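Undergrad: One structure follows; several queries about it will come next.
Numbering (the numbering used here), first residue to last: 6 to 150.
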């Protein structure tokens with residue numbers, strides 16, 4: 006099952022990132038890439054954004070990756086929804102951050118203004134668990150050690 010989860014995570018490249026600050030949830034549509042193992046997810050955001058301020062205050066996050074676009078109409082029962090929980094770290098190492106920025110641009114060239122901005126930060130979500138909902142009733146949970 007882990008291979009199926011990682012394949013879905015790598016196949017897709019957009020997610021909804023949920024953050025919380027002062028007991029108020031906030032969701033953001035985000036482009037992402039992963040490491041080879043699928044245990045880290047990388048994104049970039051502006052330092053002055055609400056999501057970044059939330060992450061600094063509370064690094065616990067949840068992400069939603071899904072297949073709803075491919076499964077419209079009668080095929081909705083085939084929709085997969087992957088919930089990822091983890092902890093965010095700001096990528097401080099300049100060489101590592103630059104490498105991630107380069108990879109992000111390759112996958113998401115439309116993000117160039119954000120990726121190349123001096124006011125942006127690369128963030129890494131260290132995955133703690135996956136919950137894959139395969140259709141409306143089949144769920145599979147995997148914790149990461």
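C-beta atoms are modelled at their ideal positions from N, C-alpha and C, and glycine is treated no differently.
This structure is a prediction, so every number in the text was calculated from the model and none was measured.
From residue 95 to residue 127, what distance separates their C-alpha atoms?
TA: One-based indexing of the chain shown puts residue 95 at position 90. One-based indexing of the chain shown puts residue 127 at position 122. Rounded to the nearest angstrom, the two C-alpha atoms are 6 Å apart.
Undergrad: Determine the closest residue to residue 17 out of 26, 25, 107 and 43, with distance taken between C-alpha atoms.
TA: Here residue 17 is taken as the residue at index 12 of the chain shown, counted from 1. When each option's Cα is compared against that of residue 17, the closest is 43.
Undergrad: Give a yes or no on whether the C-beta atoms belonging to residue 90 and residue 29 are separated by under 9 Å.
TA: As a first step, residue 90 must be located in the chain shown, where it is residue number 85. As a first step, residue 29 must be located in the chain shown, where it is residue number 24. No.
Undergrad: Based on the DSSP output, what are the partners of residue 57 in its beta bridges?
TA: By 1-based counting over the chain shown, the position of residue 57 is 52. According to DSSP, residue 57 bridges with nothing at all.
Undergrad: When you compare each of 124, 143 and 131 to residue 52 by their alpha carbons, which one comes out closest?
TA: The count along the chain shown starts at 1 and reaches residue 52 at position 47. Here the closest residue by C-alpha is 124.
Undergrad: For the beta strand (DSSP E) holding residue 65, just list the boundary residues, first then last.
TA: Counted from its first residue, the chain shown places residue 65 at position 60. Segment 65 to 71, the beta strand (DSSP E) holding residue 65.
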